[in-house]
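One line per chain: the protein sequences are A and B, in this order.
Heads up: the first sequence runs through residues 1 to 556, numbered per the working numbering.
Heads up: the second sequence runs through residues 1001 to 1556, numbered per the working numbering.
Even for Gly, the Cβ is constructed at its ideal location relative to N, Cα and C.
Just below is one structure, and these are the notes that go with it.
2 protein chains.
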Amino acid sequence: MSSERLIYLPLGGAGEIGMNAYVYGYGEPEQERLIVVDLGVTFPDMDSSPGVDLILPDITWLVERKERIDGIFITHAHEDHVGAISHTYDELGAPIFARPFTANIARRKLEERGYPEDAVTISDAWPEIVTVGPFNVGFLPISHSIPESAALVIDSPQGRVIHSGDFKLDETPLVGEPFDPNLWVEVCKNGVKALVCDSTNIFALSPGRSEATVGPEIEKLVRSHSDGIVVATTFASNVARVKTLAEAGVRAGRSIVLLGRAMRRMIEASIETGVLKDFPSVISPEDARQVPRENLMLLVTGSQGERRAASAQLANGKYMGMELKEGDLFLFSSKTIPGNERGVIRIMNQLSEKGVDVVDDSSGHYHVSGHANRPDIELLQDIVNPQIVVPMHGEHRHLREHVKLSKKKGRSAVLAINGMMIDLSGNAPKVAEYIETGRTYLDGSVQVGALDGVVRDRIRMSLNGHVLVTLILDEQDEPLGEPWCETKGLAERGNSNAVLVEVFEEDLSQFLGRADAKTLQDDDVLEEALRRIVRKAGKDEIGKKPEVTVVISRMH
Amino acid sequence: MSSERLIYLPLGGAGEIGMNAYVYGYGEPEQERLIVVDLGVTFPDMDSSPGVDLILPDITWLVERKERIDGIFITHAHEDHVGAISHTYDELGAPIFARPFTANIARRKLEERGYPEDAVTISDAWPEIVTVGPFNVGFLPISHSIPESAALVIDSPQGRVIHSGDFKLDETPLVGEPFDPNLWVEVCKNGVKALVCDSTNIFALSPGRSEATVGPEIEKLVRSHSDGIVVATTFASNVARVKTLAEAGVRAGRSIVLLGRAMRRMIEASIETGVLKDFPSVISPEDARQVPRENLMLLVTGSQGERRAASAQLANGKYMGMELKEGDLFLFSSKTIPGNERGVIRIMNQLSEKGVDVVDDSSGHYHVSGHANRPDIELLQDIVNPQIVVPMHGEHRHLREHVKLSKKKGRSAVLAINGMMIDLSGNAPKVAEYIETGRTYLDGSVQVGALDGVVRDRIRMSLNGHVLVTLILDEQDEPLGEPWCETKGLAERGNSNAVLVEVFEEDLSQFLGRADAKTLQDDDVLEEALRRIVRKAGKDEIGKKPEVTVVISRMH
């Protein structure tokens, strides 16, 4: 028996939703040739990553094996699948493969940061094959909420793996290829070793609905509104939805305006690559000013409440010369991703203050998910009929439920979270190794490790405030003048009603008056002592222990 | 015509959900005698109020009119209605009135902070009347998700106002009084001037369901699980639900354990005040260790993912000697309040990691809301038949929708948000005045205004990091040594790969070498110059402008 093995290693996306990055390898242990599937980002939040711009998978393990990477394959152009390619390009440098629409978006990302376009090689859909190292990889079309989404058919000497990518089973997706069960049956008929599969909607028990079901409802809504402007927001990358919205507007006698950079870029990319052929003509925001409000429909970015997107700006005031008012209608043709509720609700209330009527998807009429529900996942499993199921693209609870479902259906399945290397070579999956994984923060223009302490310090300052203590010691190590304190993020006065910094300075002075020479000579001891005094005084005066930075200057 | 007027002024709860505080007044303008209805809190979040412990309404307006306040009436014992009484007691000092269960909870709150119990006067339900100043106030029972919730019947020389409090129309609430339509008809038959009404569920289009509907479903679920421990979480104050859960457990042959301080306190208060008469017997966590896992049911706090509550601790590890594992079942008999999703999902995934099956209310079987849905709100309006409707307890969008509904039903209605004083004297409501309102943060043990800049500084530090610059100048105003920098919450190295503080120090030194005497002599000018240099260097090196604190020490 060969000692070569086929491995699967998620570095992101398994045990979380977001930041997808999966590795496959084939070869002798520790000498496997590698391919990477997707390199996505996830978005920061104030609770855990304040000030951070983007969150990337930690690719240390890959960088250390850089010379063994034969290619990076991107399944589709959502940020959580393609967003990290430009931020990891310097370190990985491997060729990137994608279908035309995805490649168009990927190239724009690389270009923006000054990297060469030709880092991305365009591949057509199955049956075209990309051969890299021991792998033959094909892009098998599957429906999702973005054009040209693909599953990957990954062939190695140890058999065929189907990596589902993000998917739903939509036979009428409006834009892009319908799900083609016959093609899938054909691809899978000679046996599939493993299906690595999207788990997002495993808890949704009814079959998913087609993109085609929302059009009539949206049209009914837009037609029913005759007063003012109609605004609709959705993910710009959901080109089919944007088209549905635009067509509904046109049929209701409205001119279409696209607002927000991503909205224009996605439509542009769709037209350039031919995935979108008959998008209604649009007018510019400038021309829109000449059009009566009841003949306008705005399609805008910011369905998740993002602060700088068009939705937020329209809710806040003017944007590109447009201003909403009483009589206008605002449609969220979208679902709020958990964690984004506050931002979305803020916008809804700002719109309400302007007298704008807001319609969201609580009725279930104006949005459908891009992910397969539980019965669809079962159906895909039945079509692919894999030896092993490896759930991915899900939090722990989704992966666990997906494993339970698979086992109930009589298949071998494994719960693999980020960092668990799975050996797929045998008849059952085996955990081969645990790799240290994590998150890298893009912070301004630099990358910092999530565990470097940088963001931890920010969170502590935001919870506890910050006190600065400066002390000057003379040549004899005696305090020169009094210690000086400044605070940031703390109440001015405490319970005693004294000014807080004066309480700190008084307590520090008293301590320094009593301190022995040994203490005063040792920076570390002195610093720690001063910090403790301030933290204790904080606890007494304001009921919280602030963060403290002590700067000791010595005159020698 | 009398120049006396009847006014309504929300200080919290109108234009938001939380922090309820409503004022009614009667008398000559600026000499009205006042009553306060509810004094609640709202909860902080990392996005807008990091480090804050509780958010209270800004009661400055009330404090300035302290001698005109005749009483504080608490409708029910939820934190957003009663939570601020101990934090405002020193400043207001007015007598507090409540029904027995609410008074029990309110007194515990006052006692904890050393205030006298007798600040709270117990009133029985309608037809008992409390007379204070020009007002006669009665507590009219209405169902909600806590025992002894009441609407207030507020009579003044200008007629009767019904303040709904939080309510649902539940004729089988299991604990506490059923909604009694006949009593309400009787109270309202002689005409109601204004109905000030809960708006929370105005967007829920189907009639609300009774608390009695969840019991059979919960029992079915608990009975279906025979492996390990069953844990259920809900708001501790939802005593009816806690009882339903406990009874389901007992019927399935399980002993009940209450975990979490609030859970034990609420049950204790319910039994003390007689609202809960036949709660199943419970066992202590210590005794529970002797009971087989399949005979245990834990009822625990923390349905909203609160970090220190029993749910979070059980998800994280051990709590009170109990530890969950494979085969256990965890039921969220609750709805996640918008904004709390991340915390709840974190717990669900931690439980999944332990192999615990999690059931939430996505099926709609295990929870019902405590608030009236749209048809129920309409029904109450029809029963009360008020001249004027004043929506409260809602965000702007809820209040606006509620006003629209009321007008559609042919009633006069007014959208009054916090700070809008409404004159209810005439046939239609009039805005009498705009009062400055806001939020007060309880931060550790002190109160700070939301606009004082304290929390703004914390947020800035958490977004941008913090740089400390210290500079010592000699008697001739010349730098003594080099400037010194320390950073907190910033990457160690920038794009040039140099150490960040060294870049700052180098740039500062260069500037100081060129600076003229005038600059060096003026603290303000020098400080601003140093700050700008650090911010610019930050932008260049790490792509972000940090917060900067400059400390200049002069040797004279």
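Q. Residues of chain B with CB under 7 Å from Asn349/A, in chain order?
A. Glu1395, His1396 and Arg1397
(Q) In whole angstroms, give me the CA-to-CA distance for Ser1224/B and Ala1252/B. (A) 9 Å
(Q) Considering Cα atoms alone, identify which of Ala236/A, Ala515/A and Val231/A is closest to Arg254/A. (A) Val231/A
Q: Measure from the C-beta of Pro1050/B to each C-beta in chain A and report whether the shortest distance is under 7 Å.
A: yes
**Q.** Rounded straight-line distance, which links the Cα of Ser333/A to that of Ser123/A
**A.** 32 Å
(Q) On the DSSP letters alone, give me the boundaries of the alpha helix (DSSP H) that Lys404/A sits inside. (A) His396 to Lys408
Q) If you compare alpha carbons, which of Ser1003/B, Ile1347/B and Leu1526/B is closest to Pro1479/B? A) Leu1526/B
Q: Mind reading off the beta-carbon distance from Leu1259/B to Leu1298/B? Whole number of angstroms is fine, and I expect it under 8 Å.
A: 6 Å
Q: Rank Ser149/A, Asn238/A and Glu79/A by C-alpha distance to the C-alpha of Asn20/A and give the top, closest one.
A: Glu79/A
Q) Excluding sequence positions up to five away, which residues of its chain have a Cβ less than 6 Å from the Cβ of Leu6/A? A) Tyr26, Ser156, Gln158, Leu424 and Ser425
Q) Under the three-state reduction of DSSP, which class applies to His557/A: helix, strand or coil? A) Summary: the structure shown does not reach residue 557/A, with chain A confined to residues 1 through 556, and so no result is reported for it.
Q: Check the C-beta distance from Ser143/A over to Leu169/A and give it rounded, since I have them as a contact under 8 Å.
A: 7 Å
Q) When the cut-off is 7 Å and only beta carbons count, does Ser1311/B lie next to chain A? A) no
**Q.** Partner residues on chain A for Glu1341/B, Cβ-Cβ distance less than 7 Å
**A.** Pro338, Gly339 and Glu341
Q: Output the boundary residues of the alpha helix (DSSP H) element that contains Pro1375/B.
A: Arg1374 to Val1384
Q. So, helix, strand or coil for Tyr366/A, using DSSP?
A. coil
Q. Does the Cβ-Cβ distance between Val448/A and Ala1491/B come in under 7 Å?
A. yes
(Q) Would Ala312/A and Leu351/A be called neighbours here (beta carbons separated by less than 7 Å)? (A) no
Q.
Considering just the uninterrupted stretch of the alpha helix (DSSP H) at Met1266/B, what are its terminal residues?
A. Arg1261 to Glu1272
Q. Given that a residue counts as buried once 16 or more other Cβ atoms are within 10 Å of its Cβ, and exposed if not, what is Lys1109/B?
A. buried
Q.
Does His556/A pass the burial test, meaning 16 or more other C-beta atoms within 10 Å, or should it be called exposed?
A. exposed
Q.
Which same chain residues end up closer than 6 Å to Gln387/A when comparing Cβ atoms and leaving out the 5 residues on each side of it in sequence?
A. Lys193
Q: Report yes if the CB atom of Thr1440/B is closer than 7 Å to the CB atom of Gly1419/B, and no otherwise.
A: no
**Q.** Residue range of the alpha helix (DSSP H) that includes Glu1506/B
**A.** Leu1500 to Arg1514
**Q.** Contacting residues, own chain, Cβ-Cβ under 6 Å from Gly1327/B (five flanking each side not counted)
**A.** Asp1227 and Gly1228
Q: Closer than 7 Å by C-beta to Met1/A: which residues in its own chain qualify, once you throw out the five before and the five after it? Chain order, please.
A: With a pLDDT of 49 at Met1/A, under the threshold of 50, the modelled position of this residue cannot be trusted, and the question is left open.
Q. Quick one: any contact between the region 205-214 of chain A and the region 255-275 of chain A, if contact means 3 or more CB pairs under 8 Å?
A. no
Q.
Check whether chain A comes within 7 Å of Arg1160/B, counting only Cβ atoms and requiring the distance to be less than that.
A. no
Q: Using a Cβ cut-off of 9 Å, pull out every chain B residue sitting near Met46/A, in sequence order please.
A: Asp1045, Met1046, Asp1047, Ser1048, Pro1050, Ile1459, Ser1462 and Leu1463
**Q.** Closer than 7 Å to chain A by CB, Arg1400/B
**A.** yes
Q: Give a yes or no on whether the minimum CB-CB distance between Val446/A and chain B is below 7 Å.
A: yes
Q. Residues of chain A with a CB under 7 Å from the CB of Leu1468/B: which are they?
A. Leu468, Thr549 and Val551
Q: Flag Ala262/A as yes if its beta-carbon sits less than 7 Å from any beta-carbon of chain B, otherwise no.
A: no
Q | Whole-angstrom distance between Met1046/B and Gly1538/B, CA atom to CA atom | A | 25 Å
Q) Just the Cα atoms here: how many angstroms apart are Ile1129/B and Glu1148/B? A) 16 Å
Q | Alpha-carbon to alpha-carbon, Phe43/A and Ile35/A | A | 25 Å
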